[in-house]
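Comments concern the structure below.
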Ligand code: B1M
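Residue numbers (the numbering used here): 179 to 388.
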């Protein structure tokens, strides 16, 4: 039982073996978030192999499924106890046209661990839905994840729509996802670029204090 074996099982898309190994590793004292961090790197490598045509869509889907199974298994350990007063309220989703949800789901878990109230809008969320749901929730922030260069412009659309509706000052906008970076966040006028789920609670809490 080792982290390397778990990494191989996820890369091979073997959800059953991956969850069994993850259970053993956490039972042996490996922190759940260390596992998530290691597997996030594995998924980046899987994506690179897909780009180089060394693997194809079914393999990428299997790897994604294995990682999701591990995230689901570990979620009770990642979650903390809820406090009565949330640190902040946030609507979170993956932007329109984009079905990648693993990273967004981890961000949700990490925020909930740190006492944020999160409304998960799922994937393929159009810009107007982000705003309607933020209004309905009385949210402090809107979090938009994008995993593809082709869907990143929908993060910009949320900000444009907020401006058009005179609501830009009401919500902080946080953007993230593998192809997103600080330059892009600045270019589109987002309030925060968050590079990874582990940093999300601290970075968003600091943003909400401003
Ligand atoms: Co897709 N896919 N995929 N895919 N996929 C990528 C993104 C790609 C980079 C692979 C590649 O070619 N190298 C590429 C996009 C290229 C581009 O940018 N244009 C790609 C492609 C092309 C596609 C399809 C078009 C393939 C096809 O059909 N021909 C298709 C598109 C479907 C669609 O969305 N419309 C597709 C489909 C899929 C699967 C369904 C098979 C599966 C997703 C399964 C699922 O989510 N349920 C999948 C997967 C697994 C990947 C890769 C391999 C892994 C993504 C992942 O889950 N990573 C990915 C390669 C890569 O990302 N380099 C790839 C693990 C996850 C934990 O990391 O999501 O980055 P990540 O999240 C991190 C941080 O980014 C951050 O926190 C997380 C943890 O620290 N974070 C945030 C994320 N969101 C945040 C939001 C925040 C803050 C932080 O605040 C709001």
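Positions of the beta carbon are idealized from the N, C-alpha and C atoms, including for glycine.
Please read all numbers here as calculations on a predicted model, not as lab measurements.
Review point. Does the stretch 274-290 come close enough to the stretch 324-341 that 3 or more CB-CB pairs lie under 8 Å?
Key: yes
**Study point:** residue 209 versus 194, 244, 252, residue with shortest Cα-Cα distance
**Key:** Your numbering for residue 209 matches position 31 in the chain shown. Measuring from the Cα of residue 209, the nearest candidate turns out to be 252.
Check your understanding: In its own chain, which residues sit with a C-beta less than 8 Å from the C-beta of residue 255, not counting the 5 before and 5 after it?
Key -> Numbered from 1 along the chain shown, position 77 holds the residue referred to as residue 255. If we look at residue 255 and ignore the five residues flanking it on each side, its Cβ neighbours are 204, 210.
Review point. Thinking just about the alpha-carbon of each residue, which of 197, 302, 291 is nearest to the one in residue 249?
Key: As a working mapping, residue 249 is identified with position 71 in the chain shown. Measuring from the Cα of residue 249, the nearest candidate turns out to be 197.
Check your understanding: alpha helix (DSSP H) containing residue 282: first to last residue?
Key -> Residue 282 sits at position 104 when you count from the first residue of the chain shown. 280-291 is the span of the alpha helix (DSSP H), which, as asked, contains residue 282.
Point to revise | Bounding residues of the beta strand (DSSP E) (the contiguous stretch that carries residue 298) | key: One-based indexing of the chain shown puts residue 298 at position 120. Segment 294-303, the beta strand (DSSP E) holding residue 298.
Exercise for review: Leaving aside the five residues before and after residue 245 along the sequence, list all residues of the same chain whose C-beta is less than 7 Å from its C-beta, in chain order.
Suggested key: Locating residue 245 in the chain shown gives position 67, counting from the first residue. Excluding positions up to five away in sequence, the list reads 188, 217, 221, 280.
Check your understanding: Between residue 352 and residue 195, what straight-line distance do the alpha-carbon atoms span, to the nearest angstrom?
Key -> The sequence position of residue 352 within the chain shown is 174, counting from 1. The sequence position of residue 195 within the chain shown is 17, counting from 1. Taking the straight line joining both Cα atoms gives about 35 Å.
Review point. Heavy atom of the ligand B1M less than 7 Å from the Cβ of residue 197, yes or no?
Key: Along the chain shown, read from residue 1 onward, the residue named residue 197 stands at position 19. Not under cutoff, so the answer is no.
Practice item. Mark residue 342 as exposed unless 16 or more other C-beta atoms lie within 10 angstroms of its C-beta, in which case mark it buried. Key: Here residue 342 corresponds to residue number 164 of the chain shown, with the count starting at 1. That one is exposed.
Practice item. Pick helix, strand or coil for residue 350, following the three-state DSSP scheme. Key: Position 172 of the chain shown, counted from the first residue, corresponds to residue 350. Reduced to three states, the DSSP call for residue 350 is strand.
Exercise for review: Pick out whichever of 223, 283, 291, 230 has its Cα sitting closest to the Cα of residue 380.
Suggested key: The residue given as residue 380 occupies position 202 in the chain shown. Among 223, 283, 291, 230, the Cα nearest to that of residue 380 belongs to 291.
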